[in-house]
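S.K.: Mind having a look at this structure? Questions to follow.
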Amino acid sequence: MTTSLQKSFNALKSLKVTSNSKSSKIKGSEKKCKSIEDYYVKFICGFQHSAFPNLVSYNRFIELSQGVIVPLLVYLKSRRLGQITGISFIDSTPLKVCHPRRIHSHRVFKDLAQRGKSSTGWFYGFKLHIVINDRGELLAFNLTPGNVDDRNKFLLDKLTRRLFGKLFGDKGYLGQDIFQFLMQRGIELITKIRKNMKNKLIPLMDKILLRKRSLIETVNDELKNICQIEHTRHRSPVNFLVNLISGLIAYTYLPQKPSLNLHWGNQYMPLLAC
């Protein structure tokens, strides 16, 4: 075995690598989808056929996946959401469905997707709004068109229905009416202030946790880059939703999630809710 490996290694070393100044025309999203197709066709169909005796072709698999959107959603909401700890983080992330230059020719999400603006600029697609706890576990989520404001009360009502304690967000959630709306439900909204606003004193622990708000940005990054909830090759809105929900479920199974490693005892939970 060692000799065989050595021969293979020597053969690889002898290959001449030529540099090509031309950039690849295939996009990263296309490479990811090709990898998924290769995984199903070559690994599942090739090596795991005994475990799945009734396998279908990859194209048929994509067609059949449209019929499981409701069971997937029920499973995610009933079995895979995390525990409410009294410390929560809220944020939204854009899900682009096409390049801005192709908006007028885009047909798959016509009348569904909308133009929106994030911290990185304008986009065309949807917004995924999520709430997580200090352990990086998913607590709530909602999908809206890209032009929906993060401070929409109807949206916040859905996202915070099960929450209590402290909720940390970015400046996009600033607003006295939003603060009072959540406070009436036993939720204290804590955000940074704008430069033209007066400074206000907040408890030291809240200030420390507010600086750790990047936790939810890390979760968004893992959802996109590891669980692949965003790409621009969808040919059906239903397939888009199946891919999104499957990605959220896949995230809940990650063995190591971003976490603040706070080991609060149960005796401190009433204090966090104050």
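Count the sequence shown with our numbering and you get residues 1 to 274, in order. The beta-carbon is built from N, C-alpha and C at its ideal position, and this holds for glycine as well.
#1: Assuming Ser88 contacts Leu139 (C-beta within less than 8 Å), just tell me the rounded distance between them.
#2: Spell out the partners DSSP gives Ile130 in its beta bridges.
#3: Would you mind working out which of Thr218, Asp150, Phe61 sits nearest Arg135, comparing C-alpha positions?
#4: Classify Val68: buried if its beta carbon has 16 or more other beta carbons within 10 angstroms, exposed otherwise.
#5: Please list the terminal residues of the continuous alpha helix (DSSP H) segment that includes Glu188.
#6: Would you grab the beta carbon distance between Lys166 and Glu188 for me? Rounded to a whole angstrom, and I think it's under 8 Å.
#7: If you count every other CB in all the chains shown that lies within 10 Å of the CB of Asp150, and 16 or more means buried, which is it?
#8: Inspect the beta-carbon positions of Arg115 and Ile249 and report whether they are closer than 8 Å.
#9: Once the 5 residues before and after Leu72 are set aside, which same chain residues still bring their CB inside 6 Å of it?
#10: Which of the three DSSP states is assigned to Gly136 in this structure?
#11: In three-state DSSP terms, what is Phe168?
#12: Is the segment 170 to 182 close to the segment 47 to 57, with three or more CB pairs under 8 Å?
#13: Leaving out five residues on either side along the sequence, give the residues of the same chain with a beta carbon under 8 Å from the beta carbon of Arg101.
#14: Please go through the same chain and pick out, in chain order, the residues whose beta-carbon is closer than 7 Å to the beta-carbon of Pro270, but skip the five residues on each side of it.
#15: Within a Cβ cutoff of 6 Å, which residues of the same chain sit near Leu262, ignoring the five residues on either side of it in sequence?
#16: Please say whether Leu159 and Val148 have beta carbons closer to each other than 8 Å?
#17: What does the Cβ neighbour count give for Lys42, buried or exposed, with the cut at 16 atoms within 10 Å?
#18: If we count the other Cβ atoms within 10 Å of its Cβ and call it buried at 16 or more, is Val97 buried or exposed?
#19: Can you tell me whether DSSP reads Lys42 as helix, strand or coil?
#20: For Pro203 and Leu260, I'd like the C-alpha separation in whole angstroms.
M.R.: Well, looking at it:
#1: The sequence position of residue 88 within the sequence shown is 88, counting from 1. The sequence position of residue 139 within the sequence shown is 139, counting from 1. That pair is a contact at about 6 Å.
#2: Here residue 130 refers to the residue found at position 130 when the sequence shown is read from its first residue. BP columns for Ile130 point to Asp91, Phe141.
#3: The residue given as residue 135 occupies position 135 in the sequence shown. Considering only alpha carbons, the answer is Thr218.
#4: Position 68 of the sequence shown holds residue 68. Answer is exposed; the Cβ neighbour count stays below 16.
#5: Taking the first residue of the sequence shown as position 1, residue 188 is located at position 188. Element bounds for Glu188: not the alpha helix (DSSP H) but the beta strand (DSSP E), 187 to 190.
#6: Numbered from 1 along the sequence shown, position 166 holds the residue referred to as residue 166. Numbered from 1 along the sequence shown, position 188 holds the residue referred to as residue 188. Yes, they are in contact, since the Cβ atoms of Lys166 and Glu188 sit about 5 Å apart, within 8 Å.
#7: Mapped onto the sequence shown, residue 150 falls at position 150. By the 10 Å Cβ count, Asp150 comes out buried.
#8: Locating residue 115 in the sequence shown gives position 115, counting from the first residue. Locating residue 249 in the sequence shown gives position 249, counting from the first residue. Taking 8 Å as the Cβ cut-off, Arg115 and Ile249 do not qualify as a contacting pair.
#9: Residue numbering aside, residue 72 sits at position 72 when the sequence shown is read from its first letter. Excluding sequence neighbours, Leu72 sits near Ile245.
#10: Indexing the sequence shown from 1 puts residue 136 at position 136. If DSSP states are grouped into helix, strand and coil, Gly136 belongs with coil.
#11: Counted from its first residue, the sequence shown places residue 168 at position 168. Residue state, collapsed to three classes: strand.
#12: no
#13: Mapped onto the sequence shown, residue 101 falls at position 101. Correct list: empty, nothing qualifies.
#14: Position 270 of the sequence shown, counted from the start, is the residue given in the question as residue 270. With a pLDDT of only 45 at Pro270, under 50, the local geometry of the prediction cannot be trusted, and the value read off the model is given with reservation. Nothing meets the Cβ criterion.
#15: Taking the first residue of the sequence shown as 1, we reach residue 262 at position 262. Closer than 6 Å at the Cβ level, and outside the excluded window around Leu262, lie Asp134.
#16: Residue 148 sits at position 148 when you count from the first residue of the sequence shown. Residue 159 sits at position 159 when you count from the first residue of the sequence shown. Their beta carbons are not under 8 Å apart, which means Val148 does not touch Leu159 by this criterion.
#17: In the sequence shown, counting from the first residue as 1, residue 42 sits at position 42. Label assigned to Lys42: exposed.
#18: Taking the first residue of the sequence shown as 1, we reach residue 97 at position 97. Val97 is buried by the Cβ-count criterion.
#19: Your numbering for residue 42 matches position 42 in the sequence shown. Looking at Lys42 - three-state DSSP - the assignment turns out to be helix.
#20: As a first step, residue 203 is located in the sequence shown; it is residue number 203 there, counting from the start. As a first step, residue 260 is located in the sequence shown; it is residue number 260 there, counting from the start. Approximately 18 Å, taken between the alpha carbons.
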